[in-house]
Each structure stands twice: as structure tokens, then as C-alpha cells.
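Here is the structure we will look at.
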Amino acid sequence: MKWLVTGAAGMLGRDVVDRLRADGEDVVGLARTELDITDASAVSAALAAHAPQVVVNCAAWTAVDDAETREPEAFQVNGVGPRVLAEACAASGARLVHVSTDYVFGGRPAAEQGRTGDVVEAGGIGEVLTPYAEDAKPDPRTAYGRTKLAGEQAVLKTLPDTGVIVRTAWLYGAHGNNFVRTMIRLEAERETLDVVADQRGQPTWTVDVAERLVLVGRDSRARGVFHATSSGEATWYELARCVFELLGADPDRVRPTTTAAFPRPAPRPAYSVLGHERWAELGVAPIRHWQDALRAAFPTLV
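Under numbering that gives the first Met the number 0, the sequence shown has 19 at position 20, and the numbering climbs by one with no breaks.
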């Protein structure tokens, strides 16, 4: 099978290319400087030259805060780019696997979905919160989330039978800057660290996500939306403590604080845990627990 990976110089894109090469697949990885996914002529030419059967789109504007003041630019990459890729794939017959984000949701699913689950503290009020299902209604509250949702919608509209959306979140890996590597660095530089304890999500290793992107690319039954995040959930504070423990450092050097202590242009969701029900349709289990993945990843991060 022939593959084309866009955004191949990024943290996730590099792991996707590495996974495909390790499997002996015929893969071409194109970085942003090599392929502008918003350029329809360039995208058509790339697909004609490489004739991929599957395109994996890891290209994205991921600067969440910058998107608040530069939304038109973010929209070009996150909204227009996926549409251009989807149209080119429709013309060539290639499948498209497109990476998206938990930011398409607003952060408080329980009241909207009418489900029951664990009671957690969000915004100072005890609420019943449960993971967002793959078919939950999006409700983005940031420019980044709006632009990523536009990309999802374009792919699903253009490729209803051969387009796959894979949402992920809280990524860390060996090939880029991320929270886990920052905690590793700061452990050596600071005596104590204040880390946000009122946001809950799913720390996820890019290697595990790459495996899922390849899986849905190979499986012709896969279509629509899948969630590729680790099982379980944690706060940033809990994740930081786990990193300290793996370093052999005292986790009590990590101190809990609130989102309000670190104001950002783009509001962070209090709860953005994703559900994984659709993997059962393909006969595979969800990604392993985040703590198991972090332990496996750690030698590649330090």
C-alpha cells in the first residue's frame, strides 16, 4: 500500500512515517515546507506524482492561543487545507485520514448529553461529567476549535465513505515540544512547580496515535469519526506528578493551582475526555491507559 503523510516534520507526523516505514510500507512524508495543503494545484500535483492509496493529514495550525487573533490564517490551514486534500483524494480515489482535536468540544458534556458518570469539580461546582462520544455534538469555544471543526466537516462532506476523522488530545512525544518534556526539563531547574489541577483530559503518546492512524488507513471499514486518546483521565497536575515519580523525584514538589492562575487568550476546557466506543466496530480495544503509555514512552523522552 502506498501512503502520503502531510505535516510529516511534526511530532505526530514523524511517528506516523516511522511506523509505516517500520512496517515496510511505501510511504512519502512531506513537511509543511514541501507541501502547502491549502494550495490546490500543489496538492493535486503531489497526489499525481506519488499516487498514494491513503493520505494521512497531520498538517495543522496548532498554536491555540495565536489562533484567537489570527483566526483567518488558522482557518486556511485547519479548514481550507483539509477540504483541498479531501477534494484531491475524491478525484484520485485515495482514502483520507485526517487528524483533529478535543477542542471541537466545549468542555462540559454531561448536561448536553444527559448521561451519568463521575462527579468532578469543574469551575468550582460539582458536575456529572462523562466522556464525549464520537457522535456527540461539537461545540467549539475557541478559534482553534472552530477552524478544526470546519476541517472535519469538509472531509466528512467530501468523502463520506472514504474519509476518517481521528480526534486526539494532550499529545506528547519524542519529536517536539510538549508538556511532558517541559516537566522533565523543569524538574532539573526548579525546586517546586505550580501545575493546573482543574482541567481533566487524556495524556496521549504520539506513537499510540500513529498506530491508530495507520490502522484506520488500512481498514476499508473505517469511516467517520474515531477518538484516539489514552484510556483513563488525569489533570495536568496529576500528569506532572507522574513525570516526577518516573524521574525518581519527589512528586510533592509539584503543587496544584487553578486555570485562573495562568490566564490564556484561548479558554481551556475544564473537561475534555473523549470516549472510545467506535474501536469495537473494527475489533480492537481502545488505546492503553495513559500511565502505562507514559511509562513505555519515558525512555524516549528523557
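For every residue, glycine included, the Cβ atom is placed at its ideal position computed from N, Cα and C.
- A direct Cα-Cα distance of roughly 30 Å separates Ala227 from Ala48.
- DSSP lists Thr5 and His97 as the bridge partner or partners of Asn56.
- Considering only His275, Leu281, Pro298 and Glu280, the residue with the shortest C-alpha distance to Arg287 is His275.
- The secondary-structure analysis by DSSP pairs Phe225 across a beta bridge with Val165.
- Beta-bridge partners of Val253 (DSSP): Leu192.
- Sorting Ala269, Leu246, Ala187 and Leu95 by C-alpha distance to the C-alpha of Pro130 places Ala269 at the top.
- Relative to Thr299, the option among Val4, Met0 and Met10 whose CA is nearest is Met10.
- Nearest Cα to Pro202 within the set Gly175, Gly78, Glu210 and Tyr171: Tyr171.
- DSSP places Asp25 inside the beta strand (DSSP E), whose first and last residues are Asp25 to Leu29.
- Membership of Pro81 in the alpha helix (DSSP H) is indicated by the continuous run Gly80 to Ser91.
- Rounded to whole angstroms, the gap between the alpha carbons of Thr181 and Arg166 is 23 Å.
- Per DSSP, Arg13 is one residue of the alpha helix (DSSP H) stretching across Met10 to Ala21.
- An exposed status is given to Phe261, since fewer than 16 other beta-carbon atoms sit within 10 Å of its beta-carbon.
- Excluding the 5 residues flanking it on each side, Val63 has same chain C-beta neighbours closer than 6 Å at Tyr143 and Ala265, in chain order.
- For the options Glu186, Thr32 and Arg267, the alpha carbon positioned closest to that of Asp101 is the one of Arg267.
- Ser230 is bridged by DSSP to His288.
- Contact between Trp235 and Val194 holds: CB atoms are separated by about 5 Å, below the 8 Å threshold.
- When the beta-carbon positions are compared, Thr146 and Gly78 come within less than 8 Å of each other.
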